[in-house]
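Participant:
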DNA sequence: GTCTATAGTGGGATAGAC
DNA sequence: GTCTATCCCACTATAGAC
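Residue numbers (the numbering used here), protein chains in the order written: chain A, 1 to 179; chain B, 1001 to 1179.
1. Does DSSP classify residue 1029 of chain B as helix, strand or coil?
2. Report back the beta-carbon spacing between residue 974 of chain B and residue 161 of chain A to the nearest angstrom; my notes put them in contact at under 8 Å.
3. Measure the C-alpha to C-alpha separation of residue 31 of chain A and residue 1126 of chain B and round it to an integer number of angstroms.
4. Could you say if the stretch 1032 to 1052 of chain B and the stretch 1093 to 1106 of chain B meet the contact criterion of at least three C-beta pairs nearer than 8 Å?
5. Considering only residues of the same chain and omitting the five flanking positions on each side of residue 44 of chain A, which have a CB-CB separation below 6 Å?
6. What three-state label does DSSP hand residue 1018 of chain B in the structure shown?
7. I'd like to know if residue 1025 of chain B contacts chain A, where contact means its C-beta is closer than 8 Å to some C-beta of that chain.
8. When the Cα atoms are used, what is the spatial distance from residue 133 of chain A to residue 1050 of chain B?
9. Measuring alpha carbon to alpha carbon, tell me which of B:1053, B:1131 and B:1003 ends up nearest residue 156 of chain A.
10. Would you check if the distance between the CB atom of residue 73 of chain A and the CB atom of residue 144 of chain A is smaller than 8 Å?
11. Below 8 Å on C-beta distance, what does residue 1131 of chain B contact in chain A?
12. Given residue 1060 of chain B, which residues of its chain have a CB within under 7 Å of its CB, disregarding the five upstream and five downstream residues?
13. Does the separation of the CB atoms of residue 1221 of chain B and residue 1137 of chain B fall below 8 Å?
14. Is the CB of residue 1106 of chain B under 8 Å away from at least one CB in chain A?
15. Mind listing the chain B neighbours of residue 146 of chain A? Cutoff is C-beta to C-beta under 7 Å, in chain order.
16. So is residue 1070 of chain B in contact with chain A if we call contact Cβ pairs under 8 Å?
17. Whose Cβ in chain A lies nearer than 8 Å to the Cβ of residue 1171 of chain B?
18. Specify the secondary structure class of residue 1049 of chain B as computed by DSSP and reduced to three states.
19. Sort B:1099, B:1166 and B:1172 by Cα distance to residue 1146 of chain B and report the nearest one.
20. Distance cutoff 8 Å, beta carbons only. Does residue 1046 of chain B sit that close to anything in chain A?
21. Please report the distance separating the alpha-carbon of residue 1169 of chain B from that of residue 168 of chain A.
22. Expressed to the nearest angstrom, what Euclidean distance is found between the alpha-carbon atoms of residue 68 of chain A and residue 1140 of chain B?
23. Shorter than 8 Å from the beta carbon of residue 1134 of chain B to some beta carbon of chain A?
24. Compute the distance between the beta-carbons of residue 1086 of chain B and residue 1076 of chain B, then report whether it is under 8 Å.
25. Is the beta carbon of residue 1105 of chain B closer than 8 Å to that of residue 150 of chain A?
26. Any idea if residue 1088 of chain B is buried or exposed, counting beta-carbon neighbours within 10 angstroms, 16 or more meaning buried?
27. Tell me, please, whether the CB atom of residue 150 of chain A is closer than 8 Å to any CB atom in chain B?
28. Measure the alpha-carbon distance for residue 153 of chain A versus residue 1107 of chain B and round it to whole angstroms.
29. Would you report the Cα separation of residue 101 of chain A and residue 172 of chain A, rounded to the nearest angstrom?
30. Under 7 Å Cβ to Cβ from residue 1011 of chain B, same chain only, skipping five residues before and after it: list those, please.
31. Sorted by chain position, which residues of the same chain lie with C-beta nearer than 8 Å to residue 148 of chain A's C-beta, five sequence neighbours on each side aside?
32. In terms of alpha-carbon separation, which member of A:14, A:166, A:111 and A:158 lies closest to residue 66 of chain A?
33. Just list the alpha helix (DSSP H) runs in the stretch 1051 to 1114 of chain B, keeping only unbroken ones of 4 residues or longer that don't cross its boundaries, in chain order.
34. Between the C-alpha atoms of residue 13 of chain A and residue 1109 of chain B, what's the straight-line distance to the nearest angstrom?
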């Protein structure tokens, strides 16, 4: 299942797009089957003729989020500073989808094969090896989530924190990267 | 309000300790007013003679979490590697409390004054300036949350990712730290 | 494919008697 | 400070008629 707008006459795609809309503006808790149905002009139980359960919807949104974030990174160019900016910008532009896609457990079996790897590829290319790439990904994720949830203290210079993260990971590690 | 065990005859402290216990073993969703009351041997409505609402309980647990994490960092010694290890160990030892204390919005007005600053002090000392300290804190937070929620791919070397983070932040930045 | 009706579950919180 | 009785809310999901 996906949320392709081109097939919006399909009830499934319609529900998915609507869910995305509600998610973006009000968060996942606001996405209920009753509300989806109401806004589609049908009764809630009728949704279950099209969707197996609510989790199917969630999975589709998570996949869309990971995919879009990956596209943003692929479009950003190879240097770490640009990747960080792209990552941050995408996360802040749709904070609820970012949270949904990156928090909590992930049922990899229900996601498209290779989706995560493809999204992470630009970071791997920029950092040189898996371990540094994972550390940098985690750093970006930490900064993004803390910024989204307003966890930095009121006067904090968040731009500078992102810049410090980029600086830290730009320096080559002591031992040369694996051949 | 706090969760001091020494005053466990107090209903408030009793509820708080019990909540902590349930949180640690089953997560925040398992902490319900009904269940707390049941395990205390009273009826749910009676809880509201002692607690204003459920959020009061949550705030106390969040404060306890931040405080304990801070203690772990203060006990760890000054070097970044040791701090990272202490951070990771504490987070993994009580993942549910860690999540509760670090995810979602934080109502600073209801937290003890200076609690966060005190907890963050060791990182500030180790990193030299606020921006690097915030970046490193975010990196540790990202690694911890991703590890707790099982977000790293099955074969990932998580130890190595933590080590790469420490290495990245150990190098001094290009410009000398502010005098 | 839609409807009505409803099951089943869970939650937070309040009123008022004792 | 405890109780009983309840209210309110919300949700996912199913059964069966049309």
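Note that CB positions come from ideal geometry on N, CA and C, so glycine has one too.
Small disclaimer: the values here were computed from a predicted structure and weren't measured.
Facilitator: Let me lay it out:
1. As a first step, residue 1029 of chain B must be located in the second chain, where it is residue number 29. Three-state result, residue 1029 of chain B: helix.
2. Past the edges of chain B, shown from 1001 to 1179, lies residue 974 of chain B, and the structure says nothing about it.
3. Mapped onto the first chain, residue 31 of chain A falls at position 31. Mapped onto the second chain, residue 1126 of chain B falls at position 126. In a straight line, the C-alpha of residue 31 of chain A is about 43 Å away from that of residue 1126 of chain B.
4. The stretch 1032 to 1052 of chain B is not in contact with the stretch 1093 to 1106 of chain B.
5. The count along the first chain starts at 1 and reaches residue 44 of chain A at position 44. Closer than 6 Å at Cβ, skipping near neighbours: 33, 34 and 37.
6. Locating residue 1018 of chain B in the second chain gives position 18, counting from the first residue. Three-state DSSP puts residue 1018 of chain B in a helix.
7. By one-based count along the second chain, residue 1025 of chain B stands at place 25. Chain A contact via Cβ: absent.
8. Here residue 133 of chain A corresponds to residue number 133 of the first chain, with the count starting at 1. Here residue 1050 of chain B corresponds to residue number 50 of the second chain, with the count starting at 1. Approximately 49 Å, taken between the alpha carbons.
9. Against the first chain, residue 156 of chain A aligns to sequence position 156. With distances taken between Cα atoms, residue 156 of chain A lies closest to B:1131.
10. Your numbering for residue 73 of chain A matches position 73 in the first chain. Your numbering for residue 144 of chain A matches position 144 in the first chain. For residue 73 of chain A and residue 144 of chain A, no; Cβs fall outside 8 Å.
11. Indexing the second chain from 1 puts residue 1131 of chain B at position 131. Correct list: 157, 160, 161, 163 and 164.
12. Mapped onto the second chain, residue 1060 of chain B falls at position 60. For residue 1060 of chain B, where only same-chain residues beyond five positions count, the Cβ hits under 7 Å are 1001, 1002, 1003 and 1016.
13. Residue 1221 of chain B falls outside the range modelled here, since chain B spans only 1001 to 1179, and no answer is possible.
14. Here residue 1106 of chain B refers to the residue found at position 106 of the second chain. Interface residue, yes.
15. Numbered from its first residue, the first chain carries residue 146 of chain A at position 146. Ordered by position in chain B, the residues that pass the 7 Å Cβ test against residue 146 of chain A are 1138 and 1141.
16. By 1-based counting over the second chain, the position of residue 1070 of chain B is 70. It does not; no Cβ of chain A falls within 8 Å.
17. Sequence index remark: in the second chain, residue 1171 of chain B carries index 171 (1-based). By Cβ distance, chain A contributes 168 and 171.
18. Numbered from 1 along the second chain, position 49 holds the residue referred to as residue 1049 of chain B. Note: residue 1049 of chain B maps to coil in three-state DSSP.
19. Walking along the second chain from the start, residue 1146 of chain B turns up at place 146. The shortest C-alpha separation from residue 1146 of chain B is found at B:1099.
20. The residue you call residue 1046 of chain B lines up with position 46 of the second chain. Chain A contact via Cβ: absent.
21. In the second chain, the residue the question calls residue 1169 of chain B occupies position 169. In the first chain, the residue the question calls residue 168 of chain A occupies position 168. Roughly 5 Å between the two C-alpha positions.
22. Residue mapping note: residue 68 of chain A aligns to position 68 of the first chain, counting from 1. Residue mapping note: residue 1140 of chain B aligns to position 140 of the second chain, counting from 1. Distance between the alpha carbons of residue 68 of chain A and residue 1140 of chain B: 25 Å.
23. As a working note, residue 1134 of chain B is residue 134 in the second chain. It does: the Cβ of residue 1134 of chain B has a partner Cβ on chain A nearer than 8 Å.
24. Residue 1086 of chain B sits at position 86 when you count from the first residue of the second chain. Residue 1076 of chain B sits at position 76 when you count from the first residue of the second chain. A contact, by the Cβ cut-off of 8 Å.
25. Here the question's residue 150 of chain A lines up with position 150 in the first chain. Here the question's residue 1105 of chain B lines up with position 105 in the second chain. Contact flag set, yes.
26. Start at 1 with the first residue of the second chain, and residue 1088 of chain B comes out as number 88. Buried, by the Cβ-count rule.
27. By 1-based counting over the first chain, the position of residue 150 of chain A is 150. With 8 Å as the cut-off, residue 150 of chain A counts as an interface residue toward chain B.
28. Looking up residue 153 of chain A in the first chain gives position 153. Looking up residue 1107 of chain B in the second chain gives position 107. Roughly 11 Å between the two C-alpha positions.
29. In the first chain, counting from the first residue as 1, residue 101 of chain A sits at position 101. In the first chain, counting from the first residue as 1, residue 172 of chain A sits at position 172. In a straight line, the C-alpha of residue 101 of chain A is about 30 Å away from that of residue 172 of chain A.
30. In the second chain, counting from the first residue as 1, residue 1011 of chain B sits at position 11. Only residues of its own chain outside the window of five on either side were considered, and among them 1050 have a CB closer than 7 Å to the CB of residue 1011 of chain B, listed in chain order.
31. If you number the first chain from 1, residue 148 of chain A lands on position 148. Closer than 8 Å at the Cβ level, and outside the excluded window around residue 148 of chain A, lie 91, 92, 95, 98 and 99.
32. Numbered from its first residue, the first chain carries residue 66 of chain A at position 66. For the residues A:14, A:166, A:111 and A:158, the minimum Cα distance to residue 66 of chain A belongs to A:111.
33. 1054 to 1074, 1080 to 1093 and 1095 to 1102
34. In the first chain, residue 13 of chain A corresponds to position 13, counting from 1. In the second chain, residue 1109 of chain B corresponds to position 109, counting from 1. Roughly 43 Å separates the two Cα atoms.
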